[in-house]
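Asks: Sending over a structure as structure tokens; questions will come in a sec.
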Amino acid sequence: MVDNKLNYPRFSVLMSVYKKENPSFLDEALKSVENQTVVPQQIVIVEDGKLTAGLNEVLETHKKFFEGDFTVIKSIENRGLGLSLRLGTRFVKNDWIARMDSDDIASPKRFELQLDKIVNDANLVLVGGQIDEFEGDINNITGFRSVPTSDVEIREFLKWRNPFNHPTVMIKKEVLENVGGYEGKGKLEDYFLWAKIISSGYEVSNLPEILVHMRTDAGMYSRRGDLKNLKYILNLRNYLRKLGIISITQMIAGDVIMISNVIIPSTLREKIYKRFLHKGA
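Below you can see the structure in the form of structure tokens.
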């Protein structure tokens with residue numbers, strides 16, 4: 001374990017959990033955080049509604065053995081990821097927030113790599129990285145989601161696709177609050193946030209290394225076809241236009257692409273993602 005007293009800034013891990021999640025997956029996720037070469041000073045868990053006994057048992061076990069501050073926030077009702085993270089941000093005690101999903105597995109040097117980058121670039125306010133995707137066993141890699149690394153490339157990528165893998169990001173708390181924080185934006189709460197940060201002129205980056213192993217399942221591609229997503233997708237494209245990130249022509253072209261992605265059959269969507277967007281192993 002690397003000494004946290006190096007000139008690394010103090011940071012907290014922020015995670016949301018809800019009742020439909022698998023206790024064993026949550027346990028693996030938390031272990032991957034606690035076994036880092038550089039561990040956080042605080043873990044903030046938001047219970048997004050009432051949890052099952054199994055999930056509560058996992059949280060109690062980790063709260064008992066984690067050497068740092070293990071903060072659990074209970075939300076009475078399920079509010080969704082964006083609003084849960086907004087709530088959890090209020091209880092973060094440190095300058096930086098590392099996001100983590102409750103069913104993913106962080107690579108062992110994830111935080112060390114990100115903190116090295118932050119220490120060496122004082123202007124950075126947000127740093128993410130690459131992910132691989134697995135089904136069942138962590139060695140069963142089914143795909144990758146690669147995102148650009150430089151600030152310039154990220155700004156261009158933002159016009160058409162999400163430029164960060166949300167569960168990999170580490171973000172400066174002060175900046176997160178300055179731009180208004182997370183909002184309830186369906187499944188696009190992160191994309192809206194990146195647009196706010198980038199349009200405000202802050203410097204951002206992605207590392208080339210895989211920082212998180214993302215758990216996927218057979219239903220992932222069908223969920224992307226949920227018609228409820230259309231409202232948020234169209235709102236996002238219009239928001240990007242209002243911020244001056246894209247032109248009207250780019251907004252319309254993006255609308256057509258995004259709408260097509262929602263309405264096509266899930267089997268075709270899966271093939272497109274695996275072949276072009278999330279390139280297979």
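In UniProt numbering, the protein residues as written are 1 to 281. By construction, the Cβ of each residue, glycine as well, lies at the ideal position given by its N, Cα and C atoms.
Are there 16 or more other CB atoms within 10 angstroms of the CB of Ala106, so buried, or fewer, so exposed?
Replies: buried
Asks: Assign Lys173 to buried or exposed, taking buried as 16 or more other Cβ atoms, counted over all protein chains shown, within 10 Å of its Cβ.
Replies: Looking at its Cβ environment, which holds 16 or more other Cβ atoms inside 10 Å, Lys173 is buried.
Asks: Where DSSP assigns a beta bridge to Gln42, which residues make up the other side?
Replies: Ser12 and Asp69
Asks: Taking the straight line between their C-alpha atoms, what separation do you get for Val92 and Leu268?
Replies: 41 angstroms
Asks: With 16 as the cutoff for other CB atoms within 10 Å, does Val119 come out buried or exposed?
Replies: So Val119 ends up on the exposed side.
Asks: Can you give me the Cβ contacts of Met15 inside the same chain, cut-off strictly under 6 angstroms, excluding the 5 residues immediately before and after it?
Replies: Ile45, Met100 and Ser102
Asks: Would you list the residues sitting across from Ser75 in a DSSP beta bridge?
Replies: Asp48
Asks: Does the Cβ of Val152 have 16 or more other Cβ atoms within 10 Å, making it buried, or fewer, making it exposed?
Replies: Val152 should be labelled exposed.
Asks: When every heavy atom of the ligand GTP is checked, does at least one fall within less than 7 angstroms of the C-beta of Gly254?
Replies: Questions concerning the ligand GTP fall outside what the structure shown contains, since it holds no ligand whatsoever.
Asks: Is the distance from the Cβ of Asp217 to the Cβ of Leu234 below 8 angstroms?
Replies: no
Asks: Please report the straight-line C-alpha distance between His62 and Ser199, rounded to a whole angstrom.
Replies: 38 angstroms
Asks: CA-CA distance, Leu115 and Phe11?
Replies: 9 angstroms
Asks: Please say whether Glu112 and Phe66 have beta carbons closer to each other than 8 angstroms?
Replies: no
Asks: If you drop the 5 nearest sequence neighbours on each side, which residues of the same chain put their C-beta closer than 7 angstroms to that of Val2?
Replies: In this predicted model, Val2 has a pLDDT of only 47, less than 50, meaning its place in the structure is not dependable; the value taken from the coordinates is given anyway. So the list reads Thr37, Val38 and Glu112, once near-sequence residues are dropped.
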